[in-house]
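Q:
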Amino acid sequence: MAAAATAAKGGSGPGTDTRLDQETARWLRWDKNPLTLESVKQLIAGSNKEELQKCFGARMKFGTAGLRAAMGAGISHMNDLTIIQTTQGFCRYLETQFGDLKQRGVVISFDARAHPASGGSSRRFARLAATTFITQGIPVYLFSDITPTPFVPYTVSHLKLCAGIMITASHNPKQDNGYKVYWDNGAQIISPHDKGISQAIEENLEPWPQAWDDSLINSSALLHDPSASINKDYFEDLKKYCFHRSVNKETKLKFVHTAVHGVGHDFVQSAFRAFGFIPPEAVPEQKDPDPEFPTVKYPNPEEGKDVLTLSFALADKIKAKIILANDPDADRLAVAEKQDSGEWRVFSGNELGALLGWWLFTSWKEKNQDHNALKDTYMLSSTVSSKILQAIALKEGFHFEEKLTGFKWMGNRAKQLIDQGKNVLFAFEEAIGYMCCPFVLDKDGVSAAVISAELASFLATKNLSLSQQLKAIYVEYGYHITKASYFICHDQGTIKKLFENLRNYDGKNTYPKTCGKFEISGVRDLTTGYDDSQPDKKAILPTSKSSQMITFTFTNGCVATMRTSGTEPKIKYYSELCAPPGNSDPEQLKKELQELVSAIEEYFFQPQKYNLQPKEQ
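Right under this line is the structure:
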């Protein structure tokens, strides 16, 4: 579960001062960015120990999700020098892994993030990364303009490259940036590659002779711009997932799309055209990239209605029934639908996962009448996502697999299955991430947007809404009621105490047996590797001591997981109450789940005791 990490705060004392002095001295020698160099000089001149500690206390940790941190000066932040250092390490590591690296090369792309105060931007970071590879004789396919994140894994697979880099911080706050890495199989890296890359970075900190001269790549024969060919090929491949072109052409449904100041606008317009649709109406204030994200508090459609205010207004004005919202790097998708009551319903990631999973299976089944094909057909979801796909798989006869949280696990497993001749129809995670087309082995908000539009258009021909179809899915396969939220906690020590309390709840090494009035029937701890449902008490899913994750199963059929986030200062929880197929009362199930969630918050999180900050409502 190692993920992108913001640097931890170092300690203080004489040893720390010496180390700080060493780090800052190296910085002054190596940094050629006048803005970050000057800011460090000022901190030293002013003896600003506290700020120097923040900038140089600890190097950003390279995890399986690469890097993610605020832009600014120092080894704790994303900046020109740390990008050069990271890419030098990555380059050297790739050289040890691929004998044909100089023939195949790598792809690099970027989003629209920028930080004028430090002179950092995704575009600049991408050019510096490209320079690193090209000076070593390695071909680079560098996109000439912003792209969605999924275009990088697509290009790795499509052009059979050794690796891919995407410079993005996805939906993080505006000051952040990130460095996301894909392996030659087209999926995000998993261990041990993160450790190998991390070690190689430490061994290659001093910038190579031409590291700062990004102008040299302009005339290099090793620099290729894949923009035109990849744009063409991606949308050609996408057309294979269009099942009802004539319906799309005739549909009376109107759609609104928001790119939330990110990269998605042009690409979703193209996707709609590829499916025979009239392109959606774009929210004008949010359609162009803007690194300031001026109209939203958080550029994250997962936050729901707050991010969609302008979308609701435009949709009401033009009488559109469906809103499609991408996050800034367009790998996630949120969908909202106007209800008969006049209210807008924003579907949760689990609800949209149920709809898309049902749709992709139904569309596949219409084309594949051979019942034997089911035994080679798979769907995947993460362990904290709804088990609705499992319920559909059980009834329909295809395979379902549960993976650890993070699309890297599903992408790598999907590739294994495809290589074995299996058919992977769909994978999703509750954090509004969907892999609808296995030619991208990661979440893809562009393909998910147009496939959701086709689903809505098809249902409209049957006089059905997305909400009505979702209800029909639950009636047929069993209601799956979910609730997820989080508490904010910036102190790692407090987080550790909270989870250790759960591991020693009723005395040493005993997990809780109840939560309020709710009885617990099973515990799985993927930090320690304990699972009491297994004969040997050992968990089947991979474990990781570097992150916290405990799942409780209750006698009433509820499953709840508490885990830390790899990229944000959050302790998250996910809960689901699964009922068997039939006429369950969803309102009663919701009430029961809410009571259980309240008990988890009160007895397991203990927000007063641990001084946790609840999610803003």
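Here the working numbering is used: the sequence shown runs in plain steps of one and ends on residue 828. Here a beta-carbon is modelled for each residue, glycine too, at the ideal position from N, C-alpha and C.
1. Please look up how many angstroms separate the CB atoms of W238 and V251, rounded, as I've assumed it's under 8 Å.
2. Use the C-beta contact count for L535: other C-beta atoms within 10 angstroms, 16 or more gives buried, fewer gives exposed.
3. Hey, A541 and F466 are a contact pair by Cβ (cut 8 Å); roughly how many whole angstroms apart?
4. Can you have a look at K724 and say buried or exposed, based on whether 16 or more other CB atoms are within 10 angstroms of its CB?
5. Tell me the DSSP secondary structure of M621 in three-state form.
6. What are the start and end residues of each continuous alpha helix (DSSP H) run of 4 or more residues lying completely inside the segment 507-587, in chain order?
7. For P649, which residues of its own chain have a beta-carbon under 7 Å away from its beta-carbon, when the five flanking residues on both sides are left out?
8. Considering only C-alpha positions, which residue in the set M271, R324, S355 and V471 is nearest to I441?
9. Assuming contact is defined by CB atoms lying nearer than 7 Å, are T775 and I782 in contact in what I supplied?
10. Scan the segment 689-741 and note each continuous alpha helix (DSSP H) run of 4 residues or more that stays entirely inside, going in chain order.
11. Considering only the alpha carbon of each residue, which of K260, A281, S258 and I294 lies closest to K243?
12. Under 7 Å between the Cβ atoms of L339 and D425?
13. Identify, in the order they occur along the chain, each residue of the same chain with its Cβ nearer than 7 Å to the Cβ of E234, setting aside the five sequence neighbours on each side.
14. Identify, in the order they occur along the chain, each residue of the same chain with its Cβ nearer than 6 Å to the Cβ of Q824, setting aside the five sequence neighbours on each side.
15. I'd like to confirm the pairing. Which residues does DSSP put opposite F816 in its beta bridges?
16. Distance, Cα to Cα, G733 vs A602?
17. Would you grab the beta carbon distance between G283 and N290 for me? Rounded to a whole angstrom, and I think it's under 8 Å.
18. Quick one: measure Cβ to Cβ for Q399 and T297, integer angstroms, because I've assumed they're closer than 8 Å.
19. Between the alpha carbons of T342 and A422, how many angstroms are there, rounded?
20. In its own chain, which residues sit with a C-beta less than 7 Å from the C-beta of R484, not counting the 5 before and 5 after it?
21. At what residues does the beta strand (DSSP E) containing T762 begin and finish?
22. Determine the burial state of Q680: buried for a count of at least 16 other Cβ atoms within 10 Å of its Cβ, exposed for fewer.
23. So, with DSSP's three-state summary, where would you put N634?
24. Put A341 into one of helix, strand or coil per three-state DSSP.
25. Which whole-angstrom value is the C-beta distance of T462 and A671, which I expect to be below 8 Å?
26. Which of the three DSSP states is assigned to R484 in this structure?
27. Comparing alpha-carbon positions, which option in L433, P437 and S663 lies nearest V363?
28. Out of curiosity, what's the CA-to-CA distance linking D228 and E262?
29. Can at least three beta-carbon pairs, one atom from the segment 409-418 and one from the segment 642-657, be found at a separation below 8 Å?
30. Do you know offhand how far E779's Cα is from Y390's?
31. Measuring CB to CB, does R556 end up less than 7 Å from E548?
32. Can you say whether N383 is buried or exposed, counting buried as having 16 or more other CB atoms within 10 angstroms of its CB?
33. In three-state terms, what does DSSP make of K272?
34. Roughly how many angstroms lie between the CA atoms of S755 and H455, to the nearest whole one?
35. What are the residues that DSSP puts in a beta bridge with T772?
36. For F523 and I533, I'd like the C-alpha separation in whole angstroms.
A: This is what the structure holds:
1. 6 Å
2. buried
3. Rounded, the Cβ-Cβ distance is 16 Å, inconsistent with contact.
4. exposed
5. helix
6. 520-529 and 560-578
7. A625, I629 and V635
8. S355
9. yes
10. 703-714
11. I294
12. yes
13. F267 and I286
14. I699
15. DSSP lists no partner for F816.
16. 20 Å
17. 7 Å
18. Rounded, the Cβ-Cβ distance is 16 Å, inconsistent with contact.
19. 7 Å
20. P490
21. M760 to F765
22. buried
23. strand
24. helix
25. 6 Å
26. helix
27. P437
28. 13 Å
29. no
30. 15 Å
31. yes
32. buried
33. strand
34. 44 Å
35. T762 and Y785
36. 10 Å
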